[in-house]
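Input: a single structure, listed below in structure tokens.
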Amino acid sequence: MATPDSESFVRTFARGLAVIEVMGQRASRQTLGEIAEGVGLPRTAVRRFLMTLIDLVFVATDGKYYWLTPRVLRLGLSYLSSLPYWRDAQTTLEELSTRVRQSCALSVLDGSDIVYILRQHSKRILAMSPTLGSRLPAHVVSMGRVLLAGLPDDELDAYLQGATLQQLTSATLTDKAILRERILQARAQGYAWVDGELDESICGLAVPVRDKQGAVIAAINISLPAGQYTEGDAIQHYLPELRQAASHLRAAS
87 MATPDSESFV
97 RTFARGLAVI
107 EVMGQRASRQ
117 TLGEIAEGVG
127 LPRTAVRRFL
137 MTLIDLVFVA
147 TDGKYYWLTP
157 RVLRLGLSYL
167 SSLPYWRDAQ
177 TTLEELSTRV
187 RQSCALSVLD
197 GSDIVYILRQ
207 HSKRILAMSP
217 TLGSRLPAHV
227 VSMGRVLLAG
237 LPDDELDAYL
247 QGATLQQLTS
257 ATLTDKAILR
267 ERILQARAQG
277 YAWVDGELDE
287 SICGLAVPVR
297 DKQGAVIAAI
307 NISLPAGQYT
317 EGDAIQHYLP
327 ELRQAASHLR
337 AAS
């Protein structure tokens with residue numbers, strides 16, 4: 087992998103991508119100064135990147151404000167369409183949500199976060215409702231636990247060493263030794279249950295999605311209102327359905 091100090095690292099290209107990232111993380115319309123502050127680069131340099139992105143129709147401007155155009159979606163959709171199981175994923179989640187009458191989702195690991203790549207909503211209203219592209223800290227959600235459990239030991243060690251375990255609720259695990267135990271437990275049992283660590287009103291049950299070689303490539307979960315299910319109840323009612331859905335996606339990968 088190229089690093090900022092390696093000969094193969096193209097710093098200008100990396101900075102251009104950083105401009106797109108900052109524009110996507112903040113308000114829909116930003117000034118040159120706001121974007122430059124977010125990227126941490128001089129205004130003159132950021133202006134050149136913006137002019138290039140305007141020429142490529144990834145950015146638009148009214149002379150004062152800049153914003154991303156729908157063409158940026160091509161980048162994300164290219165990633166989704168490259169996933170071997172993507173064609174079957176939406177149908178699989180729709181069928182799962184219909185059977186269990188709960189919201190369910192599919193996510194992948196990106197650094198210390200999970201990223202939602204698909205979500206199917208039920209009629210039940212939850213306090214939090216992540217959408218496509220939403221990012222959540224991996225350590226506080228069930229999908230994050232099974233995705234971390236799928237890492238090789240050295241990568242898991244590196245994650246734990248560098249992770250900042252922010253406490254989001256009174257139930258959030260911030261002790262790295264205990265978190266490691268829970269991750270290894272998820273690896274051994276093939277599922278993870280997390281109750282109220284991201285938001286006190288939500289709990290979740292997740293299983294890994296594997297490719298045909300057995301590597302963990304994604305996670306699928308069911309979100310439940312906290313207080314309505316114990317771990318045992320959730321496992322009894324939903325684990326077989328989750329594993330069936332994950333098996334279907336594995337066959338499609």
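Using the working numbering, read the sequence shown as starting at 87 and increasing by one per residue.
Here a beta-carbon is modelled for each residue, glycine too, at the ideal position from N, C-alpha and C.
- Of the residues assessed, Gln314 falls on the exposed side of the cut-off, its CB having fewer than 16 other CB atoms within 10 angstroms.
- Measuring C-alpha to C-alpha distances from Leu195 to each of Val96, Ser220 and Gln206 identifies Ser220 as the nearest.
- Out of His323, Ser339, Ser333 and Arg336, the CA that lies nearest to the CA of Gln188 is found in His323.
- Gln330: member of the alpha helix (DSSP H) spanning Glu317 to Ala338, first to last residue.
- Taking a contact as a CB-CB distance under 8 Å, the pair Pro294 and Ala312 does not count as one, their CB atoms being some 23 Å apart.
- The beta carbon of Met229 lies closer than 8 Å to those of Ala191, Ser193, Ile200, Ala278, Gly290, Ala292, Ala305, Ile306 and Asn307 in the same chain, with the five residues before and after it left out.
- Approximately 6 Å separates the beta-carbon atoms of Ala320 and Leu310; this is inside 8 Å, confirming the contact.
- If the five residues before and after Arg273 are omitted, its C-beta is found closer than 7 Å to the C-beta atoms of Ala235, all from its own chain and listed in chain order.
- DSSP places Ala175 in the uninterrupted alpha helix (DSSP H) bounded by Trp172 to Val186.
- Judged by DSSP secondary structure, Gly290 falls within the beta strand (DSSP E) whose first and last residues are Ile288 to Arg296.
- In this structure, Val105 and Leu136 form a Cβ contact; the two beta carbons are roughly 7 Å apart against a cut-off of 8 Å.
- For Gly102, the closest of Trp172, Arg112, Leu254 and Ile140 by C-alpha to C-alpha distance is Ile140.
- According to the DSSP assignment, Arg129 belongs to the alpha helix (DSSP H) that extends over Arg129 to Asp141.
- Uninterrupted beta strand (DSSP E) stretches at least 3 residues long and entirely within the segment 183–264 occur at 189–196, 199–206 and 221–223, given in chain order.
- Beta-carbon to beta-carbon, Glu283 and Leu259 are separated by about 6 Å, close enough to satisfy the 8 Å threshold.
- Arg266 places its beta carbon 7 Å or farther from that of Leu237.
- For Val105, the enclosing alpha helix (DSSP H) starts and ends at Arg97 to Gln111.
- Going by DSSP, Tyr152 is part of the beta strand (DSSP E) stretching over Tyr151 to Leu154.
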